[in-house]
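A.B. asks: Read in order, the letters of the sequence shown correspond to residues 0 to 414 in numbering that gives the first Met the number 0. Cβ coordinates follow ideal geometry from the N, Cα and C atoms, glycine included. Quantities reported herein were computed from a predicted structural model and do not represent experimental measurements.
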Amino acid sequence: MSEAAVQSAASFDVAALRAQFPALQQEVNGQPLVYLDNAATTHKPQRVIDAISDFYRLDNSNVHRGAHTLSDRATLAFEAARQKVAALLNAAETAEIIWTRGTTEAINLVASSYGRRVLRAGDRVLVSAMEHHSNIVPWQLVAQECGAEVVAIPVSAEGELDMAAFRSLLDERVKIVAVGHVSNALGSVNPIQEIIDLGHQAGAKVLIDGAQGVPHFSVDVQALGCDFYAFSGHKMYGPTGMGALYGRRELLEQMPPYHGGGEMIKTVSFAGTTFNDLPFKFEAGTPNIAGAIGLGAAVDFLQSLDRKAAAVHEAALLAYTHEKAANFSGLTRVGRAKQIAGAFSFLLEGSHPADLGMLLDQQGIAVRTGDHCAQPIMKQFGIPGTARASFALYNTFDDVDRLFAGLEKAKTFLM
Ligand code: PMP
Numbered sequence: 000m001s002e003a004a005v006q007s008a009a010s011f012d013v014a015a016l017r018a019q020f021p022a023l024q025q026e027v028n029g030q031p032l033v034y035l036d037n038a039a040t041t042h043k044p045q046r047v048i049d050a051i052s053d054f055y056r057l058d059n060s061n062v063h064r065g066a067h068t069l070s071d072r073a074t075l076a077f078e079a080a081r082q083k084v085a086a087l088l089n090a091a092e093t094a095e096i097i098w099t100r101g102t103t104e105a106i107n108l109v110a111s112s113y114g115r116r117v118l119r120a121g122d123r124v125l126v127s128a129m130e131h132h133s134n135i136v137p138w139q140l141v142a143q144e145c146g147a148e149v150v151a152i153p154v155s156a157e158g159e160l161d162m163a164a165f166r167s168l169l170d171e172r173v174k175i176v177a178v179g180h181v182s183n184a185l186g187s188v189n190p191i192q193e194i195i196d197l198g199h200q201a202g203a204k205v206l207i208d209g210a211q212g213v214p215h216f217s218v219d220v221q222a223l224g225c226d227f228y229a230f231s232g233h234k235m236y237g238p239t240g241m242g243a244l245y246g247r248r249e250l251l252e253q254m255p256p257y258h259g260g261g262e263m264i265k266t267v268s269f270a271g272t273t274f275n276d277l278p279f280k281f282e283a284g285t286p287n288i289a290g291a292i293g294l295g296a297a298v299d300f301l302q303s304l305d306r307k308a309a310a311v312h313e314a315a316l317l318a319y320t321h322e323k324a325a326n327f328s329g330l331t332r333v334g335r336a337k338q339i340a341g342a343f344s345f346l347l348e349g350s351h352p353a354d355l356g357m358l359l360d361q362q363g364i365a366v367r368t369g370d371h372c373a374q375p376i377m378k379q380f381g382i383p384g385t386a387r388a389s390f391a392l393y394n395t396f397d398d399v400d401r402l403f404a405g406l407e408k409a410k411t412f413l414m
């Protein structure tokens, strides 16, 4: 184990953390589970599971109806969760947090509402070549309708954004820049502060896809100055189908509603309808109340930790993984950006990633294989996909040892 790994192991009590996650305590295929698919979704601590179950056991009721005690309790918990998310991101006000089903819906909301309002024929939306499909396709749908164009910012063979190319792409045609904080496929950490500043200098609005950012970093949307920041609860120890969009009030005010229905209106008549205030203007229908409360509990969980120590621990896990990978014959890393977080993508000579995933699963080791919903960057690298081990703060150095022992064993089947 490297010195950094030893130090981080000493200062971060992973065993105590793991004890909070029931799903990590099980055996899979006769072996203690090694869960390395955290970029797809993380497991949930007991406090998140309890928050969701307590809501249904005790407070279950619709929100913002105020007719009785349970409804009041549900509303208070639902809105308290929104405040927790606002604090997590350091939003200027709670009304700038819109509940969504996750990152995908958050980006679709911005593309459909803001994009459709501002994009004209000949305009451009810049995304990076390493984006997740959910930060490409929503823009394509809207751009097609408006006669605008979605243009990819090139990515180097190492998996780093080509910032010189980005600068040269920034002209008056660019209305929106939409870039991932961290690539789920390669683990590359993008220089989002510089991207935001350059985007703004060029007169564009900037959206950050934070699906892989929030789980690993403290995010301060005011310090960053981004216009929109999207994330998913289930990748940061919260429930699935629940996430949020942060948007600057000034922009959210200008944007038309995304969905129509109950809750998002002030008055409805056949002569005309008036819309509710922020954030409710964007939240038509009965929301995922239990999901929001569960996400609030996940925020509490994150805030209860020393996040700096957690980040050091995760970085040490990745460094240890890279050290082992360098000495593992036949293994090629995919993505070698200088700044990496969360994910380790790789290929093993003579094997298809899908077969490798299956052979690891037989040993109780969960990794993801495939294109990771990032087909353009896979195409650029000339590969159909990779195997990807992705880390959360509850992973251990033993998990990394098990992964490489598992790969060694898999090799004997593949020969
Ligand atoms: N962006 C990135 C970078 C992601 O990793 C993911 C999930 N893999 C998404 C967007 C989409 O998130 P969700 O499916 O939770 O909406």
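Check whether the Cβ of residue 102 sits closer than 7 Å to any heavy atom of ligand 1, and report yes or no.
C.D. replies: yes
A.B. asks: By alpha-carbon positions, which one of 403, 188 and 289 ends up nearest to residue 324?
C.D. replies: 403
A.B. asks: Could you tell me the alpha carbon to alpha carbon distance between residue 282 and residue 105, rounded to whole angstroms?
C.D. replies: 11 Å
A.B. asks: Just to confirm, does residue 215 get its C-beta within under 7 Å of one of the non-hydrogen atoms of ligand 1?
C.D. replies: no
A.B. asks: Going by CA-CA distance only, name the one from 95, 412, 237 and 195 that's closest to residue 347.
C.D. replies: 412
A.B. asks: Are the segment 88 to 97 and the segment 302 to 316 touching by the rule of at least three beta carbon pairs closer than 8 Å?
C.D. replies: no
A.B. asks: What's the C-alpha gap between residue 386 and residue 292?
C.D. replies: Going from the Cα of residue 386 to the Cα of residue 292 covers about 34 Å.
A.B. asks: Measuring only from the beta carbon, is residue 42 closer than 7 Å to any heavy atom that is part of ligand 2?
C.D. replies: Inclusion of ligand 2 in the displayed structure is not the case, the ligand content consisting of ligand 1 alone.
A.B. asks: Report the rounded CA-to-CA distance for residue 262 versus residue 273, giving the unit in angstroms.
C.D. replies: Taking the straight line from one Cα to the other gives about 11 Å.
A.B. asks: Could you check which residue in 125, 167, 164 and 342 has the C-alpha nearest to that of residue 147?
C.D. replies: 125
A.B. asks: How big is the Cα-Cα spacing for residue 275 and residue 113?
C.D. replies: 17 Å
A.B. asks: Relative to ligand 1, is the shortest distance from any of its heavy atoms to the C-beta of residue 370 smaller than 7 Å?
C.D. replies: no
A.B. asks: Identify the continuous alpha helix (DSSP H) that holds residue 486 and give its terminal residues.
C.D. replies: Shown here, the chain extends from 0 to 414; a query on residue 486 therefore has no answer.
A.B. asks: Buried or exposed, going by whether 16 or more other CB atoms sit within 10 Å of the CB of residue 256?
C.D. replies: buried
A.B. asks: Give me whichever residues DSSP pairs with residue 331 in a beta bridge.
C.D. replies: 346
A.B. asks: Tell me the DSSP secondary structure of residue 51 in three-state form.
C.D. replies: In the structure shown, residue 51 sits in a helix (DSSP, three-state: H, G or I).
A.B. asks: Closest to residue 406 by C-alpha separation, out of 345, 375 and 374, would be which residue?
C.D. replies: Ranking 345, 375 and 374 by Cα distance to residue 406 puts 345 first.
A.B. asks: Using a Cβ-Cβ cutoff of less than 7 Å, which residues in the same chain neighbour residue 401 once the five nearest sequence positions on both sides are dropped?
C.D. replies: The answer, listed in chain order, is 33 and 364.
A.B. asks: Can you grab the Cα-Cα spacing for the pair residue 122 / residue 154, in whole Å?
C.D. replies: 22 Å
A.B. asks: DSSP three-state call for residue 113: helix, strand or coil?
C.D. replies: helix
A.B. asks: If you follow the beta strand (DSSP E) that residue 207 is part of, which residue opens it and which one closes it?
C.D. replies: That run of the beta strand (DSSP E) goes 204 to 208.
A.B. asks: Are the CB atoms of residue 160 and residue 127 nearer to each other than 8 Å?
C.D. replies: yes
A.B. asks: Buried or exposed, going by whether 16 or more other CB atoms sit within 10 Å of the CB of residue 57?
C.D. replies: Note on residue 57: under 16 other CB atoms within 10 angstroms of its CB, so exposed under the neighbour-count rule.
A.B. asks: Please go through the same chain and pick out, in chain order, the residues whose beta-carbon is closer than 8 Å to the beta-carbon of residue 65, but skip the five residues on each side of it.
C.D. replies: 71 and 74.
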